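For reference, the structure discussed in these notes is given below.
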Amino acid sequence: MELLIADKNWIELGYFKETAEADIEVGDANDFELILPKIIAKKYEIAEKCVAFVPGTEFGGLIEDTESITSGENITFRGGAWRKYLEQLIIEPPSGQGYLTVSGDANRILKQVLNKGAGLLFEVPDYTAGINISKHQFRYIDALTGLTDMLEKQNARLDIKAVQGETGEPCRIVIQAVRRKNYSEELEYNGDDNIDVTTRACNGRINHLICLGKGELANRIVVHLYAQLDGTVGTKQYYKGTEERTAIYDYSSGEKEDLVKEGTKKLKELMNYKEAKMTISTADIEIGDIVSARDRDAGILLSRPVERKILRCESGEMSVEYKLKGE
Numbered sequence: 006m007e008l009l010i011a012d013k014n015w016i017e018l019g020y021f022k023e024t025a026e027a028d029i030e031v032g033d034a035n036d037f038e039l040i041l042p043k044i045i046a047k048k049y050e051i052a053e054k055c056v057a058f059v060p061g062t063e064f065g066g067l068i069e070d071t072e073s074i075t076s077g078e079n080i081t082f083r084g085g086a087w088r089k090y091l092e093q094l095i096i097e098p099p100s101g102q103g104y105l106t107v108s109g110d111a112n113r114i115l116k117q118v119l120n121k122g123a124g125l126l127f128e129v130p131d132y133t134a135g136i137n138i139s140k141h142q143f144r145y146i147d148a149l150t151g152l153t154d155m156l157e158k159q160n161a162r163l164d165i166k167a168v169q170g171e172t173g174e175p176c177r178i179v180i181q182a183v184r185r186k187n188y189s190e191e192l193e194y195n196g197d198d199n200i201d202v203t204t205r206a207c208n209g210r211i212n213h214l215i216c217l218g219k220g221e222l223a224n225r226i227v228v229h230l231y232a233q234l235d236g237t238v239g240t241k242q243y244y245k246g247t248e249e250r251t252a253i254y255d256y257s258s259g260e261k262e263d264l265v266k267e268g269t270k271k272l273k274e275l276m277n278y279k280e281a282k283m284t285i286s287t288a289d290i291e292i293g294d295i296v297s298a299r300d301r302d303a304g305i306l307l308s309r310p311v312e313r314k315i316l317r318c319e320s321g322e323m324s325v326e327y328k329l330k331g332e
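In terms of this note's numbering, the sequence shown is residues 6 to 332.
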């Protein structure tokens with residue numbers, strides 16, 4: 006892997022892995038920090054609106070923030086990773102309609118949605134994804150959440166990659182829909198091969214959510230949701246007695262179906278979970294792909310989608326930390 010920086014026109018300035026320190030996170034904070042010697046930044050005129058990227062990956066973004074101390078030798082650049090700009094693009098329904106309803110090939114839908122604002126940073130391939138969408142509805146939702154939800158229902162994911170330009174040509178950020186890959190049977194991270202795996206099992210959290218909707222007092226809509234042993238959410242109570250942990254979710258304008266939908270999301274945020282993190286030297290596994298992680302001593306085995314990746318560059322060496330989605 007190599008760290009490149011391009012100018013304000015996205016024309017490549019050069020390789021900076023040996024001189025830069027970088028921390029690029031995708032999947033959660035979706036931001037990055039890049040530290041360069043001032044003499045290098047001045048020589049290459051690196052400033053806001055320049056692009057930092059790792060070719061063939063989604064690591065990178067636009068420089069939007071500069072911090073410098075007069076007595077220091079380095080300058081710090083910060084900005085949003087590419088997914089941040091999808092978060093800052095809202096999918097709105099057409100005027101006079103309740104929803105934007107889309108059908109057809111997923112790549113065609115990406116073209117339709119990313120045709121304004123921050124969406125113009127991305128290039129969608131002209132070829133089809135082979136993933137058919139039928140009557141999916143968006144309503145005032147950010148593009149990252151909306152498109153991710155749409156594709157997850159088809160066992161698919163967003164694929165974002167920086168493509169290095171030919172000499173004198175700008176780099177491009179290509180986004181498309183692809184099938185998610187399941188590596189869980191063939192790829193297990195368990196501490197072997199000198200790869201450290203950190204696992205965590207967090208119990209004792211909320212397992213009963215009382216969802217309050219429209220109405221007043223005795224006429225108020227109330228839905229009880231319960232965490233199940235397998236990590237799903239249902240209406241039948243599993244954890245009882247001293248194991249029960251309860252919380253309130255107040256959604257004062259919600260109908261019953263709204264309480265079930267939004268309450269399920271909320272309870273999944275609050276309930277018991279397991280997670281795993283590992284640091285390796287490859288960036289081949291993408292957000293949404295499924296891998297396995299095991300801690301034999303703790304008795305924890307997870308087969309989960311990757312939900313966060315962090316690339317770190319220091320002293321010319323690059324590593325990638327992966328975090329798996331918790332239960």
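The beta-carbon is built from N, C-alpha and C at its ideal position, and this holds for glycine as well.
Just so it is clear, the structure is predicted and the values come from calculations on it, not from any experiment.
The way I'd put it, the region 182-189 doesn't touch the region 240-251; fewer than three beta-carbon pairs between them come closer than 8 Å. One thing to note: Ile138 has its Cβ within 7 Å of the Cβ of Ala111. Per DSSP, the continuous alpha helix (DSSP H) segment holding Met155 begins and ends at Ala148 to Glu157.
Per the coordinates, the alpha-carbon of Ile226 lies some 21 Å from the alpha-carbon of Lys273.
The alpha helix (DSSP H) runs lying completely inside the region 106-179 and spanning 4 residues or more are 111-118 and 148-157, given in chain order. For Thr240, no beta strand (DSSP E) run applies, since DSSP gives it neither H nor E.
Arg144 counts as exposed, since fewer than 16 other beta carbons sit within 10 angstroms of its beta carbon. Taking one beta carbon from each stretch, the region 83-95 and the region 120-138 have 3 or more pairs nearer than 8 Å; the two touch.
Take Asn35, set aside five residues on each side of it, and the residues of its chain with a beta-carbon closer than 7 Å to its own are Gly85, Ala86, Arg88, Lys89 and Glu92, in chain order. In this structure, DSSP gives Asn224 a helical state, which the three-state scheme calls helix. Under the three-state reduction of DSSP output, Tyr90 falls in the helix class. Looking at Ser320, Gly173, Asp70 and Ala167, the one whose alpha-carbon comes closest to that of Ile180 is Ala167. Taking C-beta separations shorter than 8 Å and ignoring five residues to either side along the sequence, the partners of Pro175 in its chain run Ala11, Asn14, Trp15 and Ile16, following chain order.
In this structure, Leu67 lies near Val56, with their beta-carbon atoms less than 7 Å apart. A direct Cα-Cα distance of roughly 20 Å separates Leu119 from Lys158. Under the three-state reduction of DSSP output, Leu8 falls in the coil class, being neither helix nor strand.
Three or more beta-carbon pairs separated by less than 8 Å link the region 224-242 to the region 254-270, which places the two stretches in contact. Remark: C-beta atoms of Ile290 and Pro310 do not approach each other more closely than 7 Å. One thing to note: Ile96 has its Cβ no nearer than 7 Å to the Cβ of Ala161. Here Pro42 is bridged, per DSSP, to Asn79.
In its chain, beyond the 5 residues on either side, Arg162, Arg185 and Pro310 have a beta carbon closer than 6 Å to the beta carbon of Gly293.
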